[in-house]
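Residue numbers (the working numbering): 8 to 97. Where a beta carbon is used, it is the ideal one built from N, C-alpha and C, also for glycine. Everything numeric in this text was worked out from a predicted model, so none of it was measured.
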């Protein structure tokens, strides 16, 4: 492997790492009018990308959609019997 290839791979790795650690989502879970929940998820507080979603057993297809979100993008995911609305803030 050439030095330029190695440097390029290192740059890509750190860029990805920094992007994951700076991501913030607002997650609103619609249950019913009394028990709706909202969360602010800051990935700086986690050890791996999408850890909050993984701990709640989001399926891999859902994780892919969330991982590809752009800043200010909103998606809705039907999960179990609840609607999850996610907005990527940062």
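- The region 44-54 and the region 63-75 do not touch, with fewer than 3 CB-CB distances between them shorter than 8 Å.
- With 16 or more other CB atoms across the displayed protein chains lying within 10 angstroms of its CB, residue 57 is buried.
- In the three-state DSSP reduction, residue 47 falls in the strand class (E or B).
- Counting only runs of 4 or more residues that sit fully inside the region 35-97, the alpha helix (DSSP H) segments are 58-62 and 67-74, in chain order.
- Apart from the 5 residues on each side of it in sequence, residue 78 sits with its Cβ closer than 8 Å to the Cβ of 95, 96 and 97 in its chain, given in chain order.
- Rounded to whole angstroms, the gap between the alpha carbons of residue 54 and residue 60 is 13 Å.
- Residue pairing from DSSP places residue 31 in a beta bridge opposite 49.
- Within a 10 Å sphere around the beta-carbon of residue 38 sit fewer than 16 other beta-carbons, which makes this residue exposed.
- Around residue 76, the same chain offers 95 as residues with beta carbons nearer than 6 Å, after the five sequence neighbours per side are excluded.
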